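Number of protein chains: 2
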Amino acid sequence: MKRIISFAAAMAIGLCAYAQQSFERVNTTSPEFNADGTVTFRYRNPKAVKVQLNSDCLPQKMTQGPFGVSEANVPVDMKEGPDGVWSYTTSVLEPELYMYNFIVDGVKEVDLANKYMCRDGANWTNYFIISKDSSDAGHYYSVNDTPHGNVARVWYDSPTLGMTRRMTVYTPAGYDKNTKVKYPVLYLLHGGGGDEEAWATLGRAAQILDNLIAEGKAKPMIVVMPNGNTNQIAYSESAPGMNDYNKGERALGAEAASMEESFPDIIKYVEANYRTLKGAANRGICGLSMGGGHTFRTSLMYPDTFGYIGLFSAAATMVHTMDREPHPDQLRSNVKFNQDMKALFDAKPKLYFIGIGSTDFLYDLNKANRDYFDEKGYPYEYLETPGGHIWKNWRIYLTHFAQKLFQ
Amino acid sequence: MKRIISFAAAMAIGLCAYAQQSFERVNTTSPEFNADGTVTFRYRNPKAVKVQLNSDCLPQKMTQGPFGVSEANVPVDMKEGPDGVWSYTTSVLEPELYMYNFIVDGVKEVDLANKYMCRDGANWTNYFIISKDSSDAGHYYSVNDTPHGNVARVWYDSPTLGMTRRMTVYTPAGYDKNTKVKYPVLYLLHGGGGDEEAWATLGRAAQILDNLIAEGKAKPMIVVMPNGNTNQIAYSESAPGMNDYNKGERALGAEAASMEESFPDIIKYVEANYRTLKGAANRGICGLSMGGGHTFRTSLMYPDTFGYIGLFSAAATMVHTMDREPHPDQLRSNVKFNQDMKALFDAKPKLYFIGIGSTDFLYDLNKANRDYFDEKGYPYEYLETPGGHIWKNWRIYLTHFAQKLFQ
Numbered sequence: 005m006k007r008i009i010s011f012a013a014a015m016a017i018g019l020c021a022y023a024q025q026s027f028e029r030v031n032t033t034s035p036e037f038n039a040d041g042t043v044t045f046r047y048r049n050p051k052a053v054k055v056q057l058n059s060d061c062l063p064q065k066m067t068q069g070p071f072g073v074s075e076a077n078v079p080v081d082m083k084e085g086p087d088g089v090w091s092y093t094t095s096v097l098e099p100e101l102y103m104y105n106f107i108v109d110g111v112k113e114v115d116l117a118n119k120y121m122c123r124d125g126a127n128w129t130n131y132f133i134i135s136k137d138s139s140d141a142g143h144y145y146s147v148n149d150t151p152h153g154n155v156a157r158v159w160y161d162s163p164t165l166g167m168t169r170r171m172t173v174y175t176p177a178g179y180d181k182n183t184k185v186k187y188p189v190l191y192l193l194h195g196g197g198g199d200e201e202a203w204a205t206l207g208r209a210a211q212i213l214d215n216l217i218a219e220g221k222a223k224p225m226i227v228v229m230p231n232g233n234t235n236q237i238a239y240s241e242s243a244p245g246m247n248d249y250n251k252g253e254r255a256l257g258a259e260a261a262s263m264e265e266s267f268p269d270i271i272k273y274v275e276a277n278y279r280t281l282k283g284a285a286n287r288g289i290c291g292l293s294m295g296g297g298h299t300f301r302t303s304l305m306y307p308d309t310f311g312y313i314g315l316f317s318a319a320a321t322m323v324h325t326m327d328r329e330p331h332p333d334q335l336r337s338n339v340k341f342n343q344d345m346k347a348l349f350d351a352k353p354k355l356y357f358i359g360i361g362s363t364d365f366l367y368d369l370n371k372a373n374r375d376y377f378d379e380k381g382y383p384y385e386y387l388e389t390p391g392g393h394i395w396k397n398w399r400i401y402l403t404h405f406a407q408k409l410f411q
Numbered sequence: 005m006k007r008i009i010s011f012a013a014a015m016a017i018g019l020c021a022y023a024q025q026s027f028e029r030v031n032t033t034s035p036e037f038n039a040d041g042t043v044t045f046r047y048r049n050p051k052a053v054k055v056q057l058n059s060d061c062l063p064q065k066m067t068q069g070p071f072g073v074s075e076a077n078v079p080v081d082m083k084e085g086p087d088g089v090w091s092y093t094t095s096v097l098e099p100e101l102y103m104y105n106f107i108v109d110g111v112k113e114v115d116l117a118n119k120y121m122c123r124d125g126a127n128w129t130n131y132f133i134i135s136k137d138s139s140d141a142g143h144y145y146s147v148n149d150t151p152h153g154n155v156a157r158v159w160y161d162s163p164t165l166g167m168t169r170r171m172t173v174y175t176p177a178g179y180d181k182n183t184k185v186k187y188p189v190l191y192l193l194h195g196g197g198g199d200e201e202a203w204a205t206l207g208r209a210a211q212i213l214d215n216l217i218a219e220g221k222a223k224p225m226i227v228v229m230p231n232g233n234t235n236q237i238a239y240s241e242s243a244p245g246m247n248d249y250n251k252g253e254r255a256l257g258a259e260a261a262s263m264e265e266s267f268p269d270i271i272k273y274v275e276a277n278y279r280t281l282k283g284a285a286n287r288g289i290c291g292l293s294m295g296g297g298h299t300f301r302t303s304l305m306y307p308d309t310f311g312y313i314g315l316f317s318a319a320a321t322m323v324h325t326m327d328r329e330p331h332p333d334q335l336r337s338n339v340k341f342n343q344d345m346k347a348l349f350d351a352k353p354k355l356y357f358i359g360i361g362s363t364d365f366l367y368d369l370n371k372a373n374r375d376y377f378d379e380k381g382y383p384y385e386y387l388e389t390p391g392g393h394i395w396k397n398w399r400i401y402l403t404h405f406a407q408k409l410f411q
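In order, the protein sequences belong to chains A and B.
When the letters of the first sequence are read in order and numbered with this note's numbering, they come out as residues 5 to 411.
When the letters of the second sequence are read in order and numbered with this note's numbering, they come out as residues 5 to 411.
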């Protein structure tokens, strides 16, 4: 039997090459993890004139963006060597999950020598993890030798939006086995341009939760990652070239309702279909950027629903108007807004968390929001980290926030 | 409230662009689905000398591969237009899920203007679906307005392999709600170079099952898609650059046991953690290429376990030796092999299915296998389709086989 199997394995490897034979082979090694802690990227293209590496593993600099100034990537030139292989070696990298792409004669390309690639909204990026010991960030973002939770693509009905929609649900290790145990729930929201898969890919939510739970640093919990774009049934499943028939997708701006208005559909589905603990003490909500705004407004709309509220680099306007002109007094003097905020804090959430990068272009907005909290005496926990509007910070905030939940 | 939300949405779109600002924008439209049923591909690269399209939507031709001659892709030249945008327009395409890549001056690249990209083992490919009406292949591979099953990444213990491993599990629509209902199980195996995600991506297994079940053409069933590479804990989670600490991954050839030997671990986990109907009448197994070989040998090793057995373009050697030299009499005259085959058919499987493409390089091998079945009088159903060793055929076989299961 062994011999048959060996042949099958050998054949299998051949078959893979065979099926792809008419594709040019990507036979460079990239990235290469050097013994000294540096990383070498390679890209083979003899005809290219200029090849650059664009990555958050490179030094960042303050850059003007459409909404303000923030720290951002600065591409570096790669050097051409023999056989048209372009390369670049970094300095020693700190433990982290890094993203990168190449820019070939001005055109964005991905590194097809590296099979690790994922999607941030419509943008594809390669990625890799650096980890040096079992206490660093890279460790928490990796699959380690611990019990693992499962991650499911789950469809649910949203009567408010008139759609059957998809979300991602993490159930902690032991959920399927411990059929009498009920769990608290964290609702974890993505940012603008993202979708229901963002936190489970670049966000490494399952790995962060697996590792924290295994070490006893976080309670076992269900994590629900819905799609915050209420014009979509799900990423990738309703668009020309995927399914012209699907009536689910709507034009942006033609949503039947907002994320906040449709949020009860999500909670209702989760609490009917999973073994959940009920009540505000067993529900958390947090989100990054646009999802921070969703979190802010959802918690305000349903003040006795969430005991734990987390705003990560939040695009949440409390003291500015909606037209991006700063009229700090508009919401501040809005009677209903102040009543809603009072109702939220009268319900005494166990934790209201605000995290922001010190060079995030939303820093000033978040500062103004904190000023409002301070003025009113509403308690919150604040974490300021270096860096801009980046995934690195959102993973840090999730790792931090998850340890505070349901204690 | 509406105004806040509109601002948040606008901001969200901006944020996405912002975070990616230092990437060159991919501002071509590709693919474009023309009203006449043709498709135009575009790739912007003013400095490129030669750009080709490589796709299974183009005419195929017989090509020599490492194991034999099979129909395969033939790349076509794209034409450069204004602004360095290369383009190619196909003939009218039949309904199907198609894969494609570009070849830029001999280097494989993907189409980053098309957000639909997936992985076939270590190979990334863009894809799109053509569907014209609700009876065609493209329809069955799409998410339609029907109830949907969920797809989960599930970790299970494999004591035989000494690993905790990941598999993909489809539970049909209603599974979570109908908590008293038990379901039959199909074990669906990938091919060489693939992994536990192959059938859920290019295989469109969830969509095929959703659509067949919704139309009453297939029974609601659980579909289990394990990883057939017994050196891996899962795709992507244990390798340098993902997790150097993980001891799960072994060198190829250093597996603790074969897929066949470890298969009972999978069944045991599934039947302990899902609401399953037991017995051979409620278990099916099928697989493509290497997975067809796994299917053949697993069904032979456990003859009273599976009532439905499906070999899709199977790399299953029944009458050839393992050294690839045809010694047709070696297994044919092997006493244990003949006893095992007799035991399998004495258990009267409800269906033994063999599917193969007429230009598959494994055609002759499969013909020799069928000759053995015919000689022994073992009943099987045979489906021969045009084309080679390709996903198009494997989706057709799954669509066909699924309708025969558990009836």
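Glycine is no exception: its CB is placed at the ideal position from the N, C-alpha and C atoms.
In this text, all values refer to a predicted model and were calculated from it rather than measured experimentally.
Reduced DSSP category for residue i - H, G, I as helix; E, B as strand; rest coil
i               : result
M2 of chain B   : Residue numbering for chain B in the displayed model covers 5 to 411; residue 2 of chain B lies beyond these limits and cannot be assessed.
A76 of chain B  : strand
Y191 of chain A : strand
R157 of chain B : strand
F300 of chain B : helix
Y179 of chain A : coil
Y249 of chain B : Residue confidence for Y249 of chain B is low, a pLDDT of 39 falling below 50, so the modelled location carries little weight and cannot support an answer.
M229 of chain A : strand
G295 of chain B : helix
R287 of chain B : strand
S162 of chain B : strand
I400 of chain B : helix
F27 of chain B  : Note that F27 of chain B scores 39 on pLDDT, short of 50, meaning its location in the model is unreliable; the coordinates nonetheless yield the value given after this. Three-state DSSP puts F27 of chain B in coil, outside helix and strand.
P330 of chain A : Note that P330 of chain A has pLDDT 41, beneath the 50 cutoff, so the model's placement of it is unreliable and the number below is only indicative. Reduced to three states, the DSSP call for P330 of chain A is coil.
N215 of chain A : helix
Cβ-based neighbour list, residue i, same chain, cut-off 8 Å, excluding 5 preceding and 5 following
i               : result
D248 of chain A : For D248 of chain A, the predicted structure reports a pLDDT of 47, less than 50, and the residue's modelled location is therefore unreliable. A value from the coordinates is still provided. Excluding sequence neighbours, D248 of chain A sits near nothing in its chain.
E385 of chain B : L355, Y356, F357, I358, K408
D269 of chain A : Y160, D161, S162, P163, T164, L165
Cutoff 9 Å: residue i Cβ touching any chain B Cβ
i               : result
M121 of chain A : yes
S146 of chain A : yes
L192 of chain A : no
H152 of chain A : yes
K112 of chain A : yes
V3 of chain A   : With chain A represented from 5 up to 411, any question about residue 3 of chain A goes unanswered, as that position is not in the structure.
Nearest to residue i (by Cα), restricted to the options the options
i               : options                        : result
N1 of chain A   : A:D81, A:S95, A:R170           : Any answer about residue 1 of chain A is impossible in this case: the structure gives chain A only from 5 up to 411.
L348 of chain A : A:L366, A:K380, A:Y367, A:S138 : A:K380
N231 of chain B : B:E100, B:S262, B:A218, B:N342 : B:S262
C122 of chain B : B:D137, B:I107, B:Y102         : B:Y102
G196 of chain B : B:T175, B:N233, B:K223         : B:N233
P188 of chain B : B:F37, B:A284, B:F45, B:L366   : B:A284
S74 of chain B  : B:H393, B:Q411, B:W398         : B:H393
T44 of chain A  : A:F71, A:D378, A:N118          : A:N118
N38 of chain A  : A:K112, A:G72, A:K136          : A:K136
Below-9 Å beta-carbon distance, residue i vs any chain A residue
i               : result
K51 of chain B  : yes
V185 of chain B : no
L116 of chain B : yes
K415 of chain B : The shown model of chain B, from 5 to 411, leaves out residue 415 of chain B, and the question about it has no answer.
K181 of chain B : yes
A218 of chain B : no
Residues near residue i by beta carbon distance below 6 Å, same chain, minus five either side
i               : result
T42 of chain B  : T93, T94, V96
D109 of chain A : A52, V53, K54
W395 of chain A : L206
A156 of chain B : V173
Cβ-based neighbour list, residue i, same chain, cut-off 7 Å, excluding 5 preceding and 5 following
i               : result
F341 of chain A : L335
E275 of chain A : K282
N49 of chain A  : V55, G88, W90, V108
**Report entry** Completely contained beta strand (DSSP E) runs for the segment 79-132 of chain A, where each covers 3 or more residues
**Finding:** 89-93, 100-108, 111-113, 121-124
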